[in-house]
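**Q** Taking my numbering, I'd label the letters of the sequence shown as residues 410 to 640.
Don't be surprised by glycine CBs; every beta carbon is placed ideally from N, CA and C.
Attaching a single structure in structure tokens format; questions to follow.
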Amino acid sequence: MSEVCTETGRVAEEMRDQSTRKEIPHKMGIYEKYIKRPQDFLCALAAIIVLSPVMLITALLVKIKLGSPVIFTQDRPGLRGKIFKLYKFRSMTDVRDENGDLLPDEVRLTSFGKKLRSTSLDELPELFNMLKGDMSVVGPRPLLVRYLERYNDHQARRHEVRPGFTGYAQVHGRNAISWEAKFDYDVEYVDHITFLGDWKIIFQTVGAVLKREGISSDTSATMEEFMGSEE
């Protein structure tokens with residue numbers, strides 16, 4: 410693990426050095442212009458058909474273990490920062506304190522919810538986001554709306570493409586790497602979108618899910634709040 414962290418830190422540092430140069434505007438190649446979106450639609454449709462029994466069973470278990478609503482929706486920024494509704498299976502309870510405020514994620518995330526997240530089953534409803542065109546199979550993960558104003562110019566480039574079900578950062582540490590490294594990987598992807606690159610990330614994602622790597626950060630059950638980067 411220490412070797413992985415060291416390598417991740419080295420790569421992230423190299424990309425940060427590159428980010429100090431003038432940013433290169435995103436230009437779409439033939440794959441991204443004409444193939445990527447139809448491919449996303451067909452992949453999402455096929456996955457929904459094949460995985461429908463899994464989704465049905467997961468929905469039933471969420472209903473039994475966590476109650477309603479089964480589907481968790483939240484506003485997320487997509488392509489060019491346009492807000493859309495992200496769909497996920499619910500993985501937390503609604504336990505609140507005496508003031509009516511939700512308790513921290515660590516308290517509300519049950520053992521069942523942890524299993525959902527470790528297997529990425531909670532993210533299966535995002536397949537419908539892909540059908541709608543909100544998301545792509547591969548791209549920077551859609552984060553919280555309030556982060557938009559905290560990105561620097563380099564980090565904000567992650568919104569030059571559709572967010573993804575998985576991404577370059579997800580196969581290079583997921584939640585086990587820093588926010589800065591994650592955003593550097595996102596922008597690296599934006600500048601190097603290819604057919605072979607996308608499918609390599611997809612296959613690497615399958616391996617990462619099976620190994621259950623990078624689900625949590627070292628100090629949080631999910632990932633710490635992004636408060637902005639020091640310039």
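1) Does DSSP classify P462 as helix, strand or coil?
2) Quick one: what's got a C-beta closer than 8 Å to L512's C-beta in the same chain, skipping five residues either side?
3) Quick check: the Cα distance between D627 and F635, rounded to an integer number of angstroms?
4) Which of the three DSSP states is assigned to P551 in this structure?
5) Thinking V554 and D484 are a contact (beta carbons under 8 Å), I'd like their distance in whole angstroms, please.
6) Is the number of C-beta pairs between the region 559-569 and the region 582-592 that are closer than 8 Å three or more?
7) Within 10 angstroms of the Cβ of Y577, are there 16 or more other Cβ atoms? Answer buried if so, exposed if not.
8) From V596 to G573, what does the alpha carbon distance come to, in whole angstroms?
9) So who's on the other strand from D484, going by DSSP bridges?
10) Please name the residue or residues paired with M501 in a DSSP beta bridge.
11) Relative to the C-alpha of G490, which residue among S638, Y556, G582, K620 is closest?
12) Express the C-alpha separation of F450 and D607 in angstroms, rounding to a whole number.
13) Taking C-alpha atoms, which residue in E633, L619, E639, G637 lies nearest to S527?
14) Please report the distance separating the alpha-carbon of T575 from that of P549.
15) Need the endpoints of the alpha helix (DSSP H) that F537 sits in, please.
16) Tell me the DSSP bridge mates of G576?
**A** So, to answer that:
1) Taking the first residue of the sequence shown as position 1, residue 462 is located at position 53. Helix.
2) Numbered from 1 along the sequence shown, position 103 holds the residue referred to as residue 512. Contacts found: V504, R505, D506.
3) Within the sequence shown, numbered from 1, the residue matching residue 627 stands at position 218. Within the sequence shown, numbered from 1, the residue matching residue 635 stands at position 226. Model confidence at D627 stands at a pLDDT of 49, short of 50, so the residue's coordinates are unreliable and nothing is read from them.
4) Within the sequence shown, residue 551 is the residue found at index 142, counting from 1. Looking at P551 - three-state DSSP - the assignment turns out to be coil, as it is neither helix nor strand.
5) By one-based count along the sequence shown, residue 554 stands at place 145. By one-based count along the sequence shown, residue 484 stands at place 75. Contact holds; Cβ gap of about 5 Å.
6) yes
7) Within the sequence shown, the letter at position 168 stands for residue 577. It counts as buried.
8) Taking the first residue of the sequence shown as 1, we reach residue 596 at position 187. Taking the first residue of the sequence shown as 1, we reach residue 573 at position 164. Answer to the nearest angstrom: the Cα atoms are 13 Å apart.
9) For this step, residue 484 is matched to residue 75 along the sequence shown. Note: D484 sits in a beta bridge opposite K494.
10) The count along the sequence shown starts at 1 and reaches residue 501 at position 92. Its beta-bridge partners are L518.
11) Sequence index remark: in the sequence shown, residue 490 carries index 81 (1-based). Nearest C-alpha to G490: Y556.
12) For this step, residue 607 is matched to residue 198 along the sequence shown. For this step, residue 450 is matched to residue 41 along the sequence shown. Their Cα atoms are separated by approximately 14 Å.
13) To locate residue 527, count along the sequence shown from 1; it is residue 118. Nearest C-alpha to S527: L619.
14) Working through the sequence shown from its first residue, we reach residue 575 at position 166. Working through the sequence shown from its first residue, we reach residue 549 at position 140. One C-alpha to the other measures close to 7 Å.
15) Sequence index remark: in the sequence shown, residue 537 carries index 128 (1-based). 535-541 is the span of the alpha helix (DSSP H), which, as asked, contains F537.
16) Translated into the one-based positions of the sequence shown, residue 576 becomes position 167. In the DSSP output, where bridge partners are listed per residue, G576 has none listed.
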